[in-house]
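Read the structure below first, then the notes.
In the working numbering, the protein residues as written are 1 to 167.
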């Protein structure tokens, strides 16, 4: 169904609750989606920040972020599908609060890359923005794969992505 086609009634039915229960807490679908995204953010971002802050090289830290992303996907299997639908349907572009949440994750990646430049790990690489975009695209692609693959296939895909990052 996706974001655009989903109604409060359909969401309530899928959650096995009444639509009146949802309306009691959320006056409309946008508020419900915002609350779901806030809950995702409250769980995921602190863990991803901690992974990115671990000691080591940029590659070690990106690998730690990938590992933490994988753990989040295992613990919250619907997280990837939810995030993928929100992005694919352009909800992020329409809602500045959603866009800000997704920018925080990009900022985590930028922090790792900027630290690597300061330490001289990436001094020979001229395109800082290109590196950030490549890592972000890799993680975005892994999110899409997590939404569509089974756990074993996703684990294999994640392992291959880490091999790619390691060179």
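We put the CB at the ideal spot given by N, CA and C, even for glycine.
When C-alpha distances from residue 77 are compared across 58, 44, 9, the shortest belongs to 44.
The closest CA to that of residue 51, considering only 40, 9, 64, is found on 64. Shown here, residue 147 sits in a helix according to DSSP, grouped into three states. Taking each of 123, 40, 161, 9 in turn and checking the Cα distance to residue 105, the smallest one comes out for 40. Taking a 10 Å sphere around the C-beta of residue 61, we find 16 or more other C-beta atoms and assign the residue as buried. Following the DSSP letters along the chain, one finds residue 28 in no alpha helix (DSSP H), marked with neither H nor E. In summary, residue 143 is buried, with 16 or more beta-carbon neighbours lying within 10 Å of its beta-carbon over all protein chains present.
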